[in-house]
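**Q** The structure follows.
There are 2 protein chains.
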Amino acid sequence: MEEAKGEVKHVLLAKFKDGLSEDEIEKLIKGYANLVNLIEPMKAFKWGKDVSIENLHQGFTHIFESTFESTEGIAEYIAHPAHVEFANIFLSKMEKVLVIDFKPTTVHL
Amino acid sequence: MEEAKGEVKHVLLAKFKDGLSEDEIEKLIKGYANLVNLIEPMKAFKWGKDVSIENLHQGFTHIFESTFESTEGIAEYIAHPAHVEFANIFLSKMEKVLVIDFKPTTVHL
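Chains D and S, in that order, give the protein sequences.
For the first sequence, the numbering used here begins at 23 and goes up steadily by one.
For the second sequence, the numbering used here begins at 23 and goes up steadily by one.
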């Protein structure tokens, strides 16, 4: 099993609070994406709405996946003032949130 | 906001039952990875252990991310006999599981 050199994914699952408009959610997503421009170790950002059909999403409706070069880069990101400021707003709009970081590993069979 | 053409990610978060050995977990991961060879619409497979430091992982310890060309491909995968057989074994070893599918979307600011 082989890890990609240094790359670490930061995955956040979110369920927004009831009553947020699509516009408000879009602004929050753009604010999240904009962290790539503000925080050096954050290298990429993607997101999507849940489209699963197995009903195992436990109420989470959105997923956000950002890419870092190392776990140290994620620690730097978490402590960065731009992240702290955004997270205070973002998390106040969440009914629930789940975060997992991982080093993507492929399997050679 | 731009979706990658057709690509859909199938993300599974897992917490294995207590008492499973590292060897048993590695066998399950290899079995999961091997589905790429058995199920045509499944195009790629990566996994990793949680290395997050924010304590927002809600007990999930592993993440599995597979790639499909479409949501129809995921439906075909779920119904495929090789998946059904593997899922019966895999899910019996899980304390909990969460699944989200999404079309990775980038944001142009």
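The C-beta atom is built at its ideal place from N, Cα and C for all residues, glycine as well.
(1) Closer than 7 Å, Cβ to any Cβ of chain S: which residues of the region 91-110 of chain D, in chain order?
(2) Using 8 Å as the threshold, is the C-beta distance between residue 60(S) and residue 104(S) below it?
(3) Where does residue 85(S) sit, in a helix, a strand or coil, going by DSSP?
(4) In three-state DSSP terms, what is residue 78(S)?
(5) How is the alpha helix (DSSP H) around residue 49(D) delimited, first residue to last?
(6) Against chain S, does residue 45(D) count as a neighbour if the rule is that its beta carbon must be under 8 Å from one of theirs?
(7) Grouping DSSP H, G and I as helix and E and B as strand, with all else coil, what is residue 105(D)?
(8) Could you run through the region 55-78 of chain D and flag, in chain order, every residue whose CB is less than 9 Å away from some CB of chain S?
(9) What residues of chain D sit near residue 89(S), judged by a beta carbon separation below 9 Å?
(10) Closest Cβ-Cβ distance between residue 49(D) and chain S: below 8 Å?
(11) Would you kindly report the start and end of the unbroken beta strand (DSSP E) that includes residue 130(D)?
(12) For the candidate residues 111(S), 125(S) and 82(S), whose alpha-carbon lies nearest to that of residue 119(S)?
(13) At what residues does the beta strand (DSSP E) containing residue 123(S) begin and finish?
**A** Taking the structure as given:
(1) 93, 97 and 100
(2) The count along the second sequence starts at 1 and reaches residue 60(S) at position 38. The count along the second sequence starts at 1 and reaches residue 104(S) at position 82. Their beta carbons are under 8 Å apart, which means residue 60(S) touches residue 104(S) by this criterion.
(3) Within the second sequence, numbered from 1, the residue matching residue 85(S) stands at position 63. Three-state result, residue 85(S): strand.
(4) Position 56 of the second sequence, counted from the start, is the residue given in the question as residue 78(S). The answer is coil: DSSP assigns residue 78(S) none of H, G, I, E or B.
(5) Position 27 of the first sequence, counting from 1, holds the residue named residue 49(D). Its alpha helix (DSSP H) spans residues 44-60.
(6) Along the first sequence, one-based indexing puts residue 45(D) at 23. So, not an interface residue.
(7) For the purposes of this step, residue 105(D) is taken as residue 83 along the first sequence, with counting starting at 1. Per DSSP, reduced to three states, the secondary structure at residue 105(D) is helical.
(8) The region 55-78 of chain D vs chain S, Cβ under 9 Å: 55, 56, 58, 59, 66, 67, 68, 69, 70, 71, 72, 73, 74, 75, 76, 77 and 78.
(9) In the second sequence, residue 89(S) corresponds to position 67, counting from 1. Result: empty, since nearest Cβ-Cβ is about 11 Å, beyond 9 Å.
(10) Looking up residue 49(D) in the first sequence gives position 27. Residue 49(D) does not count as touching chain S.
(11) As a first step, residue 130(D) is located in the first sequence; it is residue number 108 there, counting from the start. Run containing residue 130(D): none; DSSP gives neither H nor E here.
(12) Stepping through the second sequence from its first residue, residue 119(S) is reached at position 97. Cα-wise, what sits closest to residue 119(S) is 82(S).
(13) Against the second sequence, residue 123(S) aligns to sequence position 101. Where residue 123(S) is concerned, the enclosing beta strand (DSSP E) stretches over 116-124.
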